[in-house]
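Have a look at the structure below before the remarks.
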Amino acid sequence: MPKLIRLYITHVAIGFVLSAVLVGLLLWFNIANLWHLVSTSDVGLLAVFLLWLFNGLVFAGVQFGIAVMNMAEDDDDEPRGGMKIGLVPEPALVRVEAQSRKTYRARNLQ
Numbered sequence: 144m145p146k147l148i149r150l151y152i153t154h155v156a157i158g159f160v161l162s163a164v165l166v167g168l169l170l171w172f173n174i175a176n177l178w179h180l181v182s183t184s185d186v187g188l189l190a191v192f193l194l195w196l197f198n199g200l201v202f203a204g205v206q207f208g209i210a211v212m213n214m215a216e217d218d219d220d221e222p223r224g225g226m227k228i229g230l231v232p233e234p235a236l237v238r239v240e241a242q243s244r245k246t247y248r249a250r251n252l253q
């Protein structure tokens, strides 16, 4: 199996495990009376499954994104700019001809 696919599957699994932990904690601590809603409803298991699934999709995407961004190589050897001595920004003069309101209106109405 290619390394990238193994990396993807591993981090997606980690994301879904984190989602299961989150949903378990939500039910355990009865946040927003969620345990009561799930246990007394006839579609409570479906609600828990969907909560786990959609949180898992988000967590898996974030987990994989973090893993890919951490794969970047450090380029400490190359200069990164900085300390540009002697460059002082100066305002540029721009000349604009002033128009009277009558002239401005006449040009825009045509």
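To convert, count from 1 in the sequence shown and add 143; that's the numbering used here.
Built from N, CA and C at the ideal position, the CB exists for glycine as well.
Take every Cβ of the stretch 160-177, pair it with every Cβ of the stretch 194-202, and state whether three or more of those distances are shorter than 8 Å. Yes: the two stretches touch, three or more of their Cβ pairs being nearer than 8 Å.
Anyone know if the C-beta pair for H154 and F192 falls short of 8 Å? Here residue 154 refers to the residue found at position 11 when the sequence shown is read from its first residue. Here residue 192 refers to the residue found at position 49 when the sequence shown is read from its first residue. It is not a contact, given that the beta carbons lie outside the stated cut-off.
Tell me the rounded alpha-carbon separation between G204 and M212. Your numbering for residue 204 matches position 61 in the sequence shown. Your numbering for residue 212 matches position 69 in the sequence shown. Near 12 Å, if we compare the C-alpha coordinates of M212 and G204.
Only counting the same chain, and skipping five residues up and downstream in sequence, which positions put a Cβ closer than 7 Å to that of V166? Here residue 166 corresponds to residue number 23 of the sequence shown, with the count starting at 1. The residues are V191, L194, W195, N198.
Just the C-alpha distance for T183 and D217, rounded to the nearest angstrom, thanks. Position 40 of the sequence shown, counted from the first residue, corresponds to residue 183. Position 74 of the sequence shown, counted from the first residue, corresponds to residue 217. Each residue's Cα considered, the two are about 54 Å apart.
Measure how close the beta-carbons of L170 and L177 come, nearest whole angstrom, since I'm counting them as under 8 Å. What you label residue 170 is simply residue 27 of the sequence shown in a count that begins at 1. What you label residue 177 is simply residue 34 of the sequence shown in a count that begins at 1. So it is a contact: roughly 6 Å between Cβ atoms.
Count the other C-beta atoms from every protein chain shown that fall within 10 angstroms of the C-beta of F202, then say buried if there are 16 or more, exposed otherwise. Working through the sequence shown from its first residue, we reach residue 202 at position 59. Answer is buried; the Cβ neighbour count reaches 16.
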